[in-house]
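Worksheet: one structure, shown below.
Number of protein chains: 4
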Amino acid sequence: MSSNNLIQEQLIAARRGQILEAAAQVFAKKGFQRSTIKDIAQTAGIADGTIYLYFKHKDDLLLGLLDRLTQAGEQARQFEQVGETDIESWLRSYLSQQFMVMKLPQIEAFRVIIAEMLTNETFRERAFAQIFQPTFDAIEAQLRQWSAAGLLPAADWELVMRVHSGSVLGLITYVLIGDKRLAERWQDLPELLTRLLLDGINGVMGTEGRDG
Amino acid sequence: MSSNNLIQEQLIAARRGQILEAAAQVFAKKGFQRSTIKDIAQTAGIADGTIYLYFKHKDDLLLGLLDRLTQAGEQARQFEQVGETDIESWLRSYLSQQFMVMKLPQIEAFRVIIAEMLTNETFRERAFAQIFQPTFDAIEAQLRQWSAAGLLPAADWELVMRVHSGSVLGLITYVLIGDKRLAERWQDLPELLTRLLLDGINGVMGTEGRDG
Amino acid sequence: MSSNNLIQEQLIAARRGQILEAAAQVFAKKGFQRSTIKDIAQTAGIADGTIYLYFKHKDDLLLGLLDRLTQAGEQARQFEQVGETDIESWLRSYLSQQFMVMKLPQIEAFRVIIAEMLTNETFRERAFAQIFQPTFDAIEAQLRQWSAAGLLPAADWELVMRVHSGSVLGLITYVLIGDKRLAERWQDLPELLTRLLLDGINGVMGTEGRDG
Amino acid sequence: MSSNNLIQEQLIAARRGQILEAAAQVFAKKGFQRSTIKDIAQTAGIADGTIYLYFKHKDDLLLGLLDRLTQAGEQARQFEQVGETDIESWLRSYLSQQFMVMKLPQIEAFRVIIAEMLTNETFRERAFAQIFQPTFDAIEAQLRQWSAAGLLPAADWELVMRVHSGSVLGLITYVLIGDKRLAERWQDLPELLTRLLLDGINGVMGTEGRDG
DNA sequence: TATGAATGAGCATTCATTCAT
DNA sequence: CATGAATGAATGCTCATTCAT
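Chains as they are written, first to last, in the numbering used here: chain A, 12 to 223; chain B, 12 to 223; chain C, 12 to 223; chain D, 12 to 223.
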């Protein structure tokens, strides 16, 4: 009986996953509003009605994707604990790690999330509270801790943090709105960001883009 | 006859302007898709049908707003010529200028532009070619020129430029998706950005947020 | 300007009337739920969407019909003032009048109203308060007045009234659910009811149905 | 083998009964159309699909309920034979009996039957032929017999019968469409009806409603 | 037999667009 | 030019019915 329930739950989770996968695909291509339930059902290889067995409204598909992103964010934040040696080494390896994960297929999730946050007030509040606020808090806390430990100078962390995480969001947005050159040079960003972050332009020795 | 035509043209331009103004307002509130022609007509104080005398499709309203932004961008770029003295002073005054202009009512224009660029392939390409590519080119050219003139060190400018302008886009996006704290501290950004840009975190002496 | 508005109002009222007429027809044939907006629009000779320019929801068509019936009821109640001579003469002429009006095309309105009242809780309450309660109150008040004036004996009027008006409702219902025989003999009811009402079966001398 | 079949049949009858019971409940609450198979299955504590093992279509549930009512009607009609002594005593006891049975939970069956008869042509004909016509015929026959026996005066029985049974239908309908006052005074109806039926208003001495 | 997930036809409602006035 | 009533295609969602397990 309990094994039965377990199987049931797994089947349900699998179906939900399958549908969300399809929704993510279709949303990434057309955005939320232009995507129809029929689109998504066809992409998922199921009937329209089936979607409604797993999601009450079309909106819930978006919230489902948001939750996925939230979970991903939570996992990503756990990573930050590690820092031990000097900040520069840590930052370099952290950013490499992040930018390796956040490549084109992954960042597609942001496309519809950002677009809907910009455009849909209700969703905006929910998504900000679920994704951005916790991320901001976690980063700021970490920075203050390092600063207190003498690993970083004192600074206006709530703003500095926004500038730097904002630059990552900006870069992701650039790629999503069609900056092909940036997409090509994505792998060079961790190193560059590390140096810009710590020492600014004046600390960056000239290394012209290799393949441009 | 020709003066008649001139008046005609001015009248038409005025009406188009009136309609685009209304569209901008409504789009900023609900986004493009959720806005209806009726919404826009009511906001503009005219009849639904009248909009179709000046714009062939709803999509053309968005393109109209894009053109406005493009013109604004062109004007802004002319500004960059000015730099003479040391880079730091110039950058500080340039950013102050920019952030003074780019406050909440103005950046609303980006809300729908970014959202639609993320979401609508056709619009994306057009808008990137019209706004972002020229801006990128102009900034990069300016930086290379300064670098050649010895005012800046040599650097991977196409990437550095994207990181920095991306951080501005990111900050704007944060405000648009509901970061209230950032909106409150908007006026502190020019100074902070100047220093972060040139010298990084290590060059920023501690100045904790005043009212936080 | 005001004449323009007046014409506007008349046009709107006319369209609403046309739509309600169509709705009444379709509802009478299929009932409320089985009737589709498309049905009604086609019957009215207009497009589906046009209905929504005059009624916010499909439900409002039903409420519109209810209001019509309410108005008809209000007019009918004014009639009751008349009674002067003896009750029997008055009753006979009153019932003749009523049954002449309440023939098959007219009573069709009750079909969907009663069916929905039986079946739809929200509508039930509204319709009872709008049609039945006021009718009950008016009849009971009139009876008490006549009773006080000595024209009628004292009686348990709230119940007697319900028995008699109920018999009219029952007869209407019989016709609506397919009692052809009763429909054929509809014109004999005023006379029979007058006598049954006042003197019961024992006061009714034998007059076998003429054409049965 | 045949005993097996017998058990089979009983099991089938039991299941059908269980399902009809649930259907009656749900129909009484929401009407036929608004009730879903899922509703009914849940109320019956079985799966949706199971219903289709016992009833081919949703419509058949309604016909099943009709058949039940038909059987109940047949039993009720047998009762009428009894009358011996004077009509008044018989009528009083007959109506008391009927109104005792026909209280709120029982008359709920009429809610959906009447509503669907009003609204669904096919069902209307079937139900009229199965319930109303036989009842009419039986009552009329009985009345004629009594009349022939001198227990009642001669009268236009097909019409008189409809007026009186119609008043019962009307009273039931009133309760079903929300006449709370009538529901409260339900137990007073047999006595009042007996007197009104036989002697009309003029034969009813004043007895004002007790608790009103 | 019993189940309940899956199906897809059907329907209410919205809204960009047209066009007679 | 301006209007706004009319249009009807498009879409989210429901629910009777089927069928593999």
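Don't be surprised by glycine CBs; every beta carbon is placed ideally from N, CA and C.
Fair warning: this is a prediction, and the values are worked out from it, not measured in the lab.
Cross-chain neighbours of residue i in chain A, by beta carbon under 7 angstroms
i                      : result
residue 128 of chain B : 188
residue 117 of chain B : Ordered by position in chain A, no residue passes the 7 angstroms Cβ test against residue 117 of chain B, which lies about 15 angstroms from the chain.
residue 208 of chain B : 211, 212
Nearest to residue i (by Cα), restricted to the options the options
i                      : options                    : result
residue 54 of chain D  : D/28, D/67, D/87, D/79     : D/28
residue 117 of chain C : C/202, C/160, C/99, C/84   : C/84
residue 19 of chain C  : C/65, C/123, C/195         : C/65
residue 26 of chain C  : C/72, C/157, C/46, C/43    : C/72
residue 112 of chain D : D/183, D/138, D/70, D/166  : D/183
residue 74 of chain B  : B/136, B/106, B/59, B/49   : B/136
residue 174 of chain D : C/62, C/181, C/97          : C/181
residue 172 of chain C : C/188, C/148, C/106, C/195 : C/148
residue 144 of chain D : C/123, C/190, C/151, C/165 : C/190
residue 68 of chain D  : D/106, D/44, D/86          : D/44
residue 70 of chain B  : B/127, B/104, B/87, B/109  : B/127
residue 123 of chain B : B/37, B/17, B/97           : B/37
residue 79 of chain C  : C/157, C/108, C/193, C/24  : C/24
residue 167 of chain A : B/212, B/159, B/22         : B/212
residue 32 of chain C  : C/16, C/132, C/56          : C/56
residue 133 of chain D : C/193, C/30, C/198, C/188  : C/188
residue 59 of chain B  : B/30, B/146, B/87          : B/30
residue 109 of chain B : B/21, B/179, B/151         : B/179
residue 146 of chain A : A/63, A/101, A/177         : A/177
residue 154 of chain C : C/101, C/52, C/86          : C/101
Listed by chain order, chain D residues near residue i by CB distance under 8 angstroms
i                      : result
residue 185 of chain C : 143, 173, 177, 180
residue 103 of chain C : Near residue 103 of chain C there are no residues of chain D at all, since even the closest Cβ is about 14 angstroms away, more than 8 angstroms.
residue 125 of chain C : 125, 126, 129, 184, 188
Assumed close pair residue i, residue j - CB separation to whole angstroms, cut-off 8 angstroms
i                      : j                      : result
residue 39 of chain C  : residue 119 of chain C : 4 angstroms
residue 47 of chain D  : residue 42 of chain C  : No, residue 47 of chain D and residue 42 of chain C are not in contact; Cβ-Cβ is about 17 angstroms, not under 8 angstroms.
residue 204 of chain B : residue 99 of chain B  : With 8 angstroms as the limit, residue 204 of chain B and residue 99 of chain B do not qualify as a contact, their Cβ atoms being about 12 angstroms apart.
residue 141 of chain D : residue 81 of chain D  : 5 angstroms
residue 138 of chain A : residue 77 of chain A  : 6 angstroms
residue 2 of chain D   : residue 170 of chain C : What is shown of chain D runs 12 to 223, which leaves residue 2 of chain D out entirely.
residue 115 of chain A : residue 186 of chain A : 7 angstroms
Residue i: contacting residues in chain C (beta-carbon distance under 8 angstroms)
i                      : result
residue 139 of chain D : 188, 189, 190
Interface residues of chain A facing residue i [CB-CB closer than 9 angstroms]
i                     : result
residue 44 of chain B : 42, 43, 44, 45, 130
residue 5 of chain B  : Nothing can be reported for residue 5 of chain B, as the shown portion of chain B is limited to 12 through 223.
Residues that residue i contacts on chain A, provided the C-beta gap is smaller than 8 angstroms
i                      : result
residue 195 of chain B : Those within 8 angstroms of residue 195 of chain B in chain A number zero; the least Cβ separation is about 10 angstroms.
residue 135 of chain B : 188, 189
Partners in chain D for residue i, counting only beta-carbon separations shorter than 7 angstroms
i                      : result
residue 227 of chain C : A question about residue 227 of chain C goes unanswered here, because the residues of chain C that appear run from 12 up to 223.
residue 79 of chain C  : Those do not exist, as residue 79 of chain C stays about 18 angstroms from chain D at its closest Cβ, beyond 7 angstroms.
Cross-chain neighbours of residue i in chain C, by beta carbon under 9 angstroms
i                      : result
residue 151 of chain D : Within chain C, no residue comes near residue 151 of chain D; the closest Cβ sits about 10 angstroms away, beyond 9 angstroms.
residue 199 of chain D : 167, 170
Partner residues on chain B for residue i, Cβ-Cβ distance less than 8 angstroms
i                      : result
residue 203 of chain A : 167, 170, 171, 174
Under 9 angstroms by beta carbon: chain B residues contacting residue i
i                      : result
residue 122 of chain A : 129, 130
Threshold first: 4 residues or longer. Then list the alpha helix (DSSP H) segments lying entirely within the stretch 39 to 109 of chain D, N to C.
Here the runs fully enclosed are 48 to 55, 59 to 65, 69 to 90.
Please give the ranges of any alpha helix (DSSP H) in the stretch 163 to 204 of chain B, keeping only runs that are unbroken, at least 4 residues long and fully inside the region.
Entirely contained in the stretch 163 to 204 of chain B, the alpha helix (DSSP H) runs reaching 4 residues are, in chain order, 168 to 187, 191 to 195.
Which residue spans inside the stretch 115 to 165 of chain D form an unbroken alpha helix (DSSP H) run of at least 4?
Taken in chain order, the complete alpha helix (DSSP H) segments of 4 residues or longer contained in the stretch 115 to 165 of chain D are 115 to 130, 132 to 138, 144 to 159.
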